[in-house]
Amino acid sequence: MENNENSEARFAEIKTAVGNPFEVPPSVYMQRLEEETKRDNSLVPFLSKASRVDTTPRQSPKEWLEKLATTDFVSVRAICHLDLDLVVNNIGYFDLLINDEATYTVAPYRDVLGPWTTN
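Here this note's numbering is used: the first residue of the sequence shown is 362, the next is one more, and so on.
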């Protein structure tokens, strides 16, 4: 394999040949995978590519802020969903600017909104 990488076509070919990993026992899936990849030594590149996590944002900071503006802050559930969206949608850090100065930084940390009390 060139540059120890799988092409998109080869990656799709291997996936089709071995089938869904959740429909067979792990040992059967690995046996199929080893048989399919041994001719071109593509097992490691296939596993590397298959295990990459997609971290592209699914929601922009602007969209998140629009949800923030309409959130019912009396509802703990609504606040938790808003907080979870920062992580699940891979928004990352962004600055809120006032008069061209970064006044606040929004970050996807689980406990940023503070501890919840039931009192």
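We put the beta carbon where it would ideally sit given N, CA and C, even for glycine.
The structure displayed is predicted, hence computed values, not measured ones.
Taking 8 Å as the cut-off, decide whether the C-beta atoms of residue i and residue j are in contact.
i      : j      : result
LEU408 : GLU395 : no
PRO418 : ILE452 : yes
LYS423 : PHE372 : no
Under the rule that 16 or more other beta-carbon atoms within 10 Å means buried, what is residue i, buried or exposed?
i      : result
THR478 : Summary for THR478: the model assigns pLDDT 47, below 50, so the residue's position carries little reliability, and this model does not support an answer.
THR431 : exposed
THR377 : exposed
VAL448 : exposed
VAL389 : exposed
VAL347 : Lying outside 362 to 480, the shown extent of the chain, residue 347 is not represented and no answer is given.
What does a CB cutoff of less than 7 Å around residue i pick up in its chain, not counting 5 residues either side in sequence?
i      : result
ARG429 : Just to set this straight, residue 429 is Leu in the shown sequence, not Arg. Cβ neighbours of LEU429 beyond the five flanking positions: LEU443.
THR398 : ILE375, LEU404, PHE407
GLU427 : none
Can you tell me the Cβ-Cβ gap for residue i and residue j, rounded? I've got them flagged as a contact below 8 Å.
i      : j      : result
TRP425 : ASP401 : Not confirmed; about 44 Å, so no contact.
GLN420 : ASN450 : 4 Å
Checklist entry - Which parts of the segment 414–465 are runs of the beta strand (DSSP E), unbroken and 3 residues or longer, counting only runs that do not cross its ends? => result 455–459
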